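Chemist:
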Ligand code: 7TS
């Protein structure tokens, strides 16, 4: 047991103190969809609007300078958090989805032609599938997929064979939002580079839960969202190596992304502003910076270790329940996600009945329809864990599932 003080952490999250309905506490087990926000983040955004609100990069007045400093200061801390070589490599976007689309619109449309191969995996979220489907329809690129094994891991031998076909890009999730699988990103990237491909990592589930070092991984692009890591909705990041980003055409055109505009032409701004057109999510950047400070103060290694302990406990307890089938690998190969089915009960009914006891889990295909198809099921119920969850909450989940079983006979 490490010295992680979960009760102290829970005190930082006001929403965990509210009731779902009278006399029923909220048991929040849906952090894979979005995390809750600590008071430190809520207050940082509140303070920004109360004290410093102005548009950035364009005013010389005090408030504009203060807002710009806060916005850019957050970028610096986010860059440190993922160990980017420079904050120029940290592009603010709306979310992971927009970050992946930025690569698909800007890098891929400048670099891929008909017949070029992009490798994805069978465990991708729709946001790392559909942008490539769209490019396939528009450009005639080819897609192929690293298969997922029965126990929820990527088949790396099959991946090595795919690499013989000299793909241009390998784009994969660092951690599955359904199976919880933590993929060996360093090895996948190294093999891709050896085959001459560049790499895009969907880090929506990894950056909130693991210590991520983009330079150690040697990732070319890395995408993530603030809202899954204690920050606000409406802001995310695309990290990219500066040599790649410098060579890419702008994605959206407008104010702030330019150096100079004539009636019939423009010159693009330097990084990172080249990819940030229009007034950005300023208060959200401030909240994002506060979220990174919050997680860093606790320490990502300690958070990962605590989550591992909770996940191991949850998988053990869920496995005991007759009729529960868990998906994904064992606890040592995954993050805090437990997707399951319960014999004879639709996953939506499971979620709805659990909700009567204030237990929030998600049911459905979790934006990973092809993965569910692979396992021959339309949907799963999914409990997911973060730094503020406790073993007591896992026990309540398990008791709730027994109650569902009783109701369905
Ligand atoms: N990639 C992965 C692996 C995800 O889990 C998600 C969101 C996304 C991309 C998209 O993130 P966004 O911030 O752009 O929406 N996953 C989920 C989920 O599992 N339930 O709700 C959202």
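Residue numbers (this note's numbering): 23 to 431.
For each residue, glycine too, the CB sits at the ideal point set by N, CA and C.
Since we're looking at a predicted model, the values are computed, not measured.
#1: If you pair each beta-carbon of the segment 223-243 with each one of the segment 177-189, do three or more pairs fall below 8 Å?
#2: At what residue ranges does the segment 280-330 contain a whole run of the beta strand (DSSP E), taking only runs of 3 or more?
#3: Would you list the one or two residues that DSSP bridges to residue 50?
#4: Give me the pocket residues for the ligand 7TS, defined as CB within less than 5 Å of any heavy atom, sorted by chain position.
#5: Given that a residue counts as buried once 16 or more other Cβ atoms are within 10 Å of its Cβ, and exposed if not, what is residue 54?
#6: For residue 400 and residue 386, what's the separation of their Cα atoms in angstroms?
#7: Mind checking who residue 167 pairs with in its DSSP beta bridge?
#8: Go through the segment 220-277 residue by residue and report every complete run of the alpha helix (DSSP H) that reaches 4 residues or more, in order.
#9: Does the Cβ-Cβ distance between residue 122 and residue 222 come in under 8 Å?
#10: Quick one: Cα of residue 75 to Cα of residue 95, how far?
#11: How long is the line joining the alpha carbons of residue 24 and residue 328, rounded to whole angstroms?
#12: Determine which residues share a DSSP beta bridge with residue 20 and list them.
#13: What does DSSP give as the partner residues of residue 43 in its beta bridges?
#14: Under 7 Å Cβ to Cβ from residue 46, same chain only, skipping five residues before and after it: list those, please.
#15: Less than 8 Å between the C-beta atoms of residue 257 and residue 306, yes or no?
#16: On the CB-based measure, 16 or more other CB atoms within 10 Å of its CB, does residue 85 come out buried or exposed?
#17: Taking the beta carbon of residue 416 as the centre, do at least 16 other beta carbons fall within 10 Å, making it buried, or is it exposed?
#18: Kindly list the residues whose CB is nearer than 8 Å to the CB of residue 188, restricted to its own chain and excluding five residues on each side of it in sequence; keep chain order.
#19: So, do the segment 104-122 and the segment 330-344 have three or more beta carbon pairs nearer to each other than 8 Å?
#20: Which two residues bound the contiguous beta strand (DSSP E) that contains residue 363?
#21: So, is residue 174 buried or exposed, given that buried needs 16 or more other C-beta atoms within 10 angstroms?
#22: Between 113, 28 and 249, which lies nearest to residue 261 when the distance is taken from Cα to Cα?
#23: Using DSSP with H/G/I as helix, E/B as strand and the rest coil, what is residue 184?
#24: Closest to residue 195 by C-alpha separation, out of 429, 275, 226 and 208, would be which residue?
#25: Count the CB pairs spanning the segment 340-353 and the segment 100-114 that are closer than 8 Å, and state whether there are at least three.
#26: So the candidates are 211, 160, 147 and 311; which of them puts its Cα closest to the Cα of residue 132?
#27: Rounded to whole angstroms, what's the CA-CA distance from residue 127 to residue 141? Just pull it up for me.
#28: Looking only at its own chain, which residues have a Cβ that is under 6 Å from the Cβ of residue 297, when we skip the five neighbours before and after it?
#29: What residues in its chain sit with their C-beta under 8 Å from that of residue 351, if we drop five residues either side in the sequence?
#30: Report the partner residues of residue 193 according to the DSSP bridge assignment.
#31: From the DSSP output, read off the bridge partner residues of residue 84.
#32: If we count the other Cβ atoms within 10 Å of its Cβ and call it buried at 16 or more, is residue 157 buried or exposed?
#33: Identify the continuous beta strand (DSSP E) that holds residue 207 and give its terminal residues.
Modeler: Answer, in terms of the structure:
#1: Result no; under three Cβ-Cβ pairs closer than 8 Å.
#2: Along the segment 280-330, the beta strand (DSSP E) occurs as fully enclosed runs of 3 or more residues at 280-284 and 287-290, listed in sequence order.
#3: Within the chain shown, numbered from 1, the residue matching residue 50 stands at position 28. Looking at the DSSP output, residue 50 sits in a beta bridge with 382.
#4: Listed along the chain, these residues meet the criterion: 54, 55, 117, 118, 119, 147, 149, 195, 199, 224, 226, 227, 247 and 388.
#5: Translated into the one-based positions of the chain shown, residue 54 becomes position 32. So residue 54 ends up on the buried side.
#6: Stepping through the chain shown from its first residue, residue 400 is reached at position 378. Stepping through the chain shown from its first residue, residue 386 is reached at position 364. Going from the Cα of residue 400 to the Cα of residue 386 covers about 7 Å.
#7: Numbered from 1 along the chain shown, position 145 holds the residue referred to as residue 167. Under DSSP, residue 167 shares a beta bridge with 142.
#8: Considered as a whole, the segment 220-277 harbours 236-239 and 264-269 as its complete alpha helix (DSSP H) runs of no fewer than 4 residues, in chain order.
#9: What you label residue 122 is simply residue 100 of the chain shown in a count that begins at 1. What you label residue 222 is simply residue 200 of the chain shown in a count that begins at 1. Yes. Within cutoff.
#10: Residue mapping note: residue 75 aligns to position 53 of the chain shown, counting from 1. Residue mapping note: residue 95 aligns to position 73 of the chain shown, counting from 1. Whole-angstrom Cα-Cα distance: 15 Å.
#11: In the chain shown, counting from the first residue as 1, residue 24 sits at position 2. In the chain shown, counting from the first residue as 1, residue 328 sits at position 306. Unreliable positioning characterises residue 24 in this predicted model, as indicated by a pLDDT of 49, which lies under 50. The coordinate reading is nonetheless provided below. Spanning the two alpha carbons is a distance of roughly 7 Å.
#12: The chain is shown only over 23 to 431; residue 20 falls outside these bounds and no answer can be derived.
#13: For the purposes of this step, residue 43 is identified with residue 21 of the chain shown, where counting begins at 1. Per DSSP, the beta bridge partners of residue 43 are 46.
#14: Indexing the chain shown from 1 puts residue 46 at position 24. Answer for residue 46: 379 and 380, listed in chain order.
#15: Walking along the chain shown from the start, residue 257 turns up at place 235. Walking along the chain shown from the start, residue 306 turns up at place 284. It is a contact, given that the beta carbons lie within the stated cut-off.
#16: Taking the first residue of the chain shown as 1, we reach residue 85 at position 63. With fewer than 16 other beta carbons inside 10 angstroms of its own, residue 85 counts as exposed.
#17: Here residue 416 refers to the residue found at position 394 when the chain shown is read from its first residue. Counting other Cβ atoms within 10 Å of its Cβ, residue 416 reaches 16 or more and is therefore classed as buried.
#18: What you label residue 188 is simply residue 166 of the chain shown in a count that begins at 1. Counting only Cβ-Cβ distances below 8 Å, and skipping sequence neighbours, we find 139, 217, 218 and 219.
#19: Counting Cβ pairs under 8 Å, fewer than three are found: no touch.
#20: Counting from one through the chain shown, the residue named residue 363 turns up at place 341. Residues 359-364.
#21: Your numbering for residue 174 matches position 152 in the chain shown. Note on residue 174: 16 or more other CB atoms within 10 angstroms of its CB, so buried under the neighbour-count rule.
#22: Walking along the chain shown from the start, residue 261 turns up at place 239. Nearest C-alpha to residue 261: 113.
#23: As a working mapping, residue 184 is identified with position 162 in the chain shown. Of the three classes helix, strand and coil, the one that applies to residue 184 here is helix, per DSSP.
#24: The count along the chain shown starts at 1 and reaches residue 195 at position 173. Check the Cα spacing between residue 195 and each of 429, 275, 226 and 208: the tightest is with 226.
#25: As far as the Cβ criterion goes, the segment 340-353 does not touch the segment 100-114, which means the pair count is below three.
#26: The count along the chain shown starts at 1 and reaches residue 132 at position 110. Minimum Cα distance to residue 132 is reached at 160.
#27: For the purposes of this step, residue 127 is taken as the residue at position 105 of the chain shown. For the purposes of this step, residue 141 is taken as the residue at position 119 of the chain shown. Answer to the nearest angstrom: the Cα atoms are 17 Å apart.
#28: Reading the chain shown from its first residue, position 275 is the one you call residue 297. Result list for residue 297: 113 and 273, in chain order.
#29: Counted from its first residue, the chain shown places residue 351 at position 329. Closer than 8 Å at the Cβ level, and outside the excluded window around residue 351, lie 173, 174, 175, 201, 202 and 203.
#30: Indexing the chain shown from 1 puts residue 193 at position 171. 222, per the DSSP bridge assignment.
#31: The sequence position of residue 84 within the chain shown is 62, counting from 1. For residue 84, which the question treats as bridged, DSSP gives no partner whatsoever.
#32: Looking up residue 157 in the chain shown gives position 135. Classification for residue 157: buried.
#33: Start at 1 with the first residue of the chain shown, and residue 207 comes out as number 185. In the DSSP assignment, residue 207 falls outside any beta strand (DSSP E) and lies within the alpha helix (DSSP H) extending over 207-216.
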